[in-house]
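Residue numbers (the numbering used here): 2 to 519.
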Amino acid sequence: MASKQITNNENAVYTTSNGAPVARPYAAEKIGLHGPLLLQDFHHIDLLAHFDRERIPERVVHAKGAGAHGYFEVTHDITDLTSASLFKKVGNRARSTVRFSTVGGESGSADTARDPRGFAIKIRTEEGNLDWVFNNTPVFFIRDPAKFPHFIHTQKRNPQTHLKDPDMFWDYLSQNPESIHQTVILFTDRGTPDGYHNMHGYSGHPLKFVRDDGEWVYIQVHIRADGGFKTLDNEIAGRLSGENPDYGIQALFEAIEKKQYPSWTVYVQTMTPQQAENFRYNILDLTKVWPHKEYPLRPIGKLVLDENPQNYFAEIEQSAFSPSHTVPGIEPSADPVLQSRLFSYPDTHRHRLGVNYQQLPVNSPVVPVANFQRDGFATFVNQGARPNYQSTISPLTYREKPYANTEHKHEVWAGYARAHLYEVTELDFEQPRNLYRKVLSDLDRKHLVDNIAGHLGLVKSAEIKARQLSVFAAVDQGLSDAIAKAIGVPTVHPLKVASAASVVPLKTNIGQTTVTLA
Numbered sequence: 002m003a004s005k006q007i008t009n010n011e012n013a014v015y016t017t018s019n020g021a022p023v024a025r026p027y028a029a030e031k032i033g034l035h036g037p038l039l040l041q042d043f044h045h046i047d048l049l050a051h052f053d054r055e056r057i058p059e060r061v062v063h064a065k066g067a068g069a070h071g072y073f074e075v076t077h078d079i080t081d082l083t084s085a086s087l088f089k090k091v092g093n094r095a096r097s098t099v100r101f102s103t104v105g106g107e108s109g110s111a112d113t114a115r116d117p118r119g120f121a122i123k124i125r126t127e128e129g130n131l132d133w134v135f136n137n138t139p140v141f142f143i144r145d146p147a148k149f150p151h152f153i154h155t156q157k158r159n160p161q162t163h164l165k166d167p168d169m170f171w172d173y174l175s176q177n178p179e180s181i182h183q184t185v186i187l188f189t190d191r192g193t194p195d196g197y198h199n200m201h202g203y204s205g206h207p208l209k210f211v212r213d214d215g216e217w218v219y220i221q222v223h224i225r226a227d228g229g230f231k232t233l234d235n236e237i238a239g240r241l242s243g244e245n246p247d248y249g250i251q252a253l254f255e256a257i258e259k260k261q262y263p264s265w266t267v268y269v270q271t272m273t274p275q276q277a278e279n280f281r282y283n284i285l286d287l288t289k290v291w292p293h294k295e296y297p298l299r300p301i302g303k304l305v306l307d308e309n310p311q312n313y314f315a316e317i318e319q320s321a322f323s324p325s326h327t328v329p330g331i332e333p334s335a336d337p338v339l340q341s342r343l344f345s346y347p348d349t350h351r352h353r354l355g356v357n358y359q360q361l362p363v364n365s366p367v368v369p370v371a372n373f374q375r376d377g378f379a380t381f382v383n384q385g386a387r388p389n390y391q392s393t394i395s396p397l398t399y400r401e402k403p404y405a406n407t408e409h410k411h412e413v414w415a416g417y418a419r420a421h422l423y424e425v426t427e428l429d430f431e432q433p434r435n436l437y438r439k440v441l442s443d444l445d446r447k448h449l450v451d452n453i454a455g456h457l458g459l460v461k462s463a464e465i466k467a468r469q470l471s472v473f474a475a476v477d478q479g480l481s482d483a484i485a486k487a488i489g490v491p492t493v494h495p496l497k498v499a500s501a502a503s504v505v506p507l508k509t510n511i512g513q514t515t516v517t518l519a
C-alpha cells in the first residue's frame with residue numbers, strides 16, 4: 002500500500018519520515034540544558050542523515066535543464082507510414098513530459114551558454130512510453146560513437162586547472178574535422194537560443210517508421226517552434242549568463258504560468274531504402290542533413306506544454322529518457338551513434354536513479370508492466386505474487402509486433418567483425434559550405450566570425466589555431482581568412498582530405514532475404 006501524498010493545499014501535520022508527529026522541528030534532544038545530544042533523537046538524526054543524501058549523481062551531460070508537462074496530438078493521417086498505435090487516428094492525444102537542457106555545463110551553469118540544447122520528450126502511449134531524445138540542432142559533432150566520451154571531456158574542465166579550456170575544445174575539433182557542420186551551427190546565434198521554449202528540436206539520427214506489412218521508411222523528425230526559433234546574440238547571452246544564469250528555466254516556467262503555452266508543430270522527412278542507397282551522403286552519418294527540397298517536411302502532430310511541475314526534482318530531475326524506449330511501429334536505424342545511445346542512456350539512468358528508474362512516477366508508463374524483473378533498490382511495483390519466470394502457473398500473454406514475421410526487404414546485414422572509423426572526405430565540407438554561403442545572412446556571417454574569433458582567440462597553441470583555421474578554409478577560404486584576421490594570426494590553406502570518390506556508399510543488400518552461416 003502506497004503512502005498518502007501530501008500536497009501544499011492540505012492541512013498537513015509535521016512528522017518524521019516514519020509518520021510520527023513532531024511538535025518542534027528545530028529542537029534537538031540533549032541531557033539537561035548544556036549536555037550532549039542523545040542518540041535516541043530519531044527526528045534529529047533522520048533529518049541530518051537524509052540531508053546528507055539529498056543529492057543524486059548529476060547527469061554527465063545535459064545536467065542543466067528545465068522541463069514541463071503537456072501533450073502530443075496527432076494532426077495528420079500517417080497510417081501509410083507506421084503502424085504505431087499513437088498514429089492510428091487523427092486527434093489521438095498522449096500526455097507527455099519534456100526536458101530541455103544544455104549539454105556541457107554543470108547543473109549550476111548558465112543556461113544561456115553557447116552550447117547545443119537537449120530536447121527530450123516522453124510520450125505516454127497505449128503501447129508504452131515513446132521517448133524522443135533529440136537536440137536543437139539537426140547534426141552533431143561526431144559520427145563514430147567511441148569519440149563521444151573524448152569529445153565531452155574536452156567540453157568539460159581541464160583535469161589540472163579545473164577550468165574550461167579553449168585549447169582542449171579546439172584541439173579536439175581541429176583533429177576531428179567531421180565536426181565542422183555542427184561547429185558552424187554552434188557559433189551562429191542558434192548556439193544561444195532565447196530560452197528553451199523558443200527553439201526547434203531534431204532527431205538527428207534517422208529512425209524507421211514500419212507498417213503492419215513490414216514495409217518501412219527512414220525518417221527524420223523535426224519539431225518546429227510555432228513562435229519561431231528565437232536567438233540571443235553573443236553579447237546578450239554573455240550578459241545574461243552573469244545576471245541570470247537560470248534565464249531559460251525562468252522564462253519557460255513563467256510562460257506556462259501565464260498560460261502562454263509553448264507549442265511546436267511536428268514533421269517528418271521520409272526516405273525509402275532505395276533512396277537511401279542513392280543518396281549523396283550516408284544517411285547513417287550524424288553530421289549530415291537531408292535537403293528539404295528533395296525530402297520535404299510532412300506534418301504529423303502538435304506538441305504543447307501546458308503544465309509546470311509541482312516538484313522539480315521528482316518530475317524533471319528524476320525524469321529519464323532513452324532512444325531505446327520505443328514502441329511497435331517505430332524502430333531504430335543502424336546509425337552507429339544511435340546504436341551506442343540505445344545502451345548508454347538506460348545505463349546512466351540505472352547508475353543515477355537505480356535499476357528501477359522506470360517505476361518512478363514521472364517515468365512509469367500508463368499501461369501495466371508485466372515481465373520477470375523483480376526486486377533491486379527502490380522497488381515500488383514488484384508485480385505481486387506472479388512468478389518471476391516464464392511460468393505455466395500464471396502465464397503471461399505474448400503479443401508480437403504486427404510485422405515481426407514479415408520479410409524485411411532492405412537491412413539484411415552480412416559481414417565480418419571489424420573496427421570501423423569514418424574517413425574525412427570532401428563530402429564533409431559541402432553542407433557547412435552551403436550553410437555559410439547560401440543560408441546565413443550577412444549579419445549571420447558577421448556574428449559567426451565574431452563568435453568564433455572570441456573563443457578561438459583564447460587558444461594558446463599556435464598549432465591548434467592554424468589546424469582549426471585549415472578546417473574552416475576547407476569550408477570557405479574567406480571565412481577562415483576573416484577569422485585569422487580577427488585573432489591576429491597568419492592565414493592558412495585548406496585542410497587536405499580524401500576525395501568524395503573514396504567514400505564507400507551505403508549498401509545493405511536490397512532484395513537479399515537469406516544469409517547462410519557456414
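Backbone N, C-alpha and C define an ideal beta-carbon position, used for all residues, glycine too.
All of these numbers come straight from a predicted model, not from anything done at the bench.
Closest in alpha carbon position to L436, among H182, V338 and D286, is H182. Here the C-alpha atom of A226 lies approximately 16 Å from the C-alpha atom of G68.
Boundaries of the alpha helix (DSSP H) harbouring E244: N235 to E244, taken from the DSSP string.
In this structure, H70 keeps its C-beta atom at 9 Å or more from the C-beta atom of D234. Nearest C-alpha to T126 among E30, V104 and K90: K90. Cβ atoms of N364 and F381 stay farther apart than 8 Å, at about 11 Å. When C-alpha distances from T232 are compared across N137, E412 and Y15, the shortest belongs to N137. DSSP assignment within the stretch 447-513 yields no whole beta strand (DSSP E) run of 3 residues or more.
For Q161, there is no enclosing beta strand (DSSP E), as DSSP gives it neither H nor E. A Cβ-Cβ distance of about 6 Å is found for the pair S334 and Y219, placing them in contact under the 8 Å criterion.
Taking W133 as reference, the option from Y203, Y173 and H163 with the minimal CA-CA separation is Y203. Contact between the stretch 462-476 and the stretch 306-320 is absent: fewer than 3 CB-CB pairs across the two stretches fall below 8 Å. DSSP, reduced to helix, strand and coil, places E179 within a helical segment of the structure shown. The residue among V493, A379 and R375 with its C-alpha nearest the C-alpha of Y390 is R375. Taking one beta carbon from each stretch, the stretch 243-258 and the stretch 305-312 have 3 or more pairs nearer than 8 Å; the two touch. For the 9 Å CB-CB criterion, P167 and H350 do not form a contact. In this structure, the CA atom of N177 is about 40 Å from the CA atom of D81. Approximately 18 Å separates the beta-carbon atoms of P329 and L339; this is outside 8 Å, ruling out the contact. Assigned with DSSP and collapsed to three states, P388 falls in coil, not helix or strand. In the three-state DSSP reduction, Y248 falls in the helix class (H, G or I). Taking C-beta atoms under 8 Å as the contact rule, D112 and P246 qualify, at a distance of about 7 Å.
Judged by their CB atoms, S18 and H45 are not nearer to each other than the 9 Å cut-off. According to the DSSP assignment, F430 belongs to the alpha helix (DSSP H) that extends over L428 to N435.
In the DSSP assignment, N279 falls outside any beta strand (DSSP E) and within the unbroken alpha helix (DSSP H) covering P274 to N279.
For R299, the closest C-alpha among the options F152, T76 and Y404 is that of T76. Cβ-Cβ distances below 8 Å link P297 to Q270 in the same chain, with the five nearest sequence neighbours on each side left out; the list follows chain order. Taking C-beta atoms as the reference points, H63 and S102 count as a pair closer than 9 Å. The beta carbon of G302 lies closer than 7 Å to those of F73, E74, V75, T76 and V267 in the same chain, with the five residues before and after it left out.
Between I331 and F210, the C-beta gap is smaller than 9 Å, which places the two residues in contact. Bridge pairing for V222: V269 [DSSP]. Given a length threshold of 3 residues, each whole run of the beta strand (DSSP E) inside the stretch 59-95 is given here in chain order: 66-75. Under the three-state reduction of DSSP, Y313 is assigned to helix. For L343, the uninterrupted alpha helix (DSSP H) run begins and ends at P337 to L354, by DSSP. Within its own chain, the residues whose Cβ lies closer than 7 Å to the Cβ of V23, once the five positions on either side in sequence are excluded, are Y15, T16, T17 and H44, listed in chain order.
Taking C-beta atoms as the reference points, E427 and A321 fail to come closer than 9 Å.
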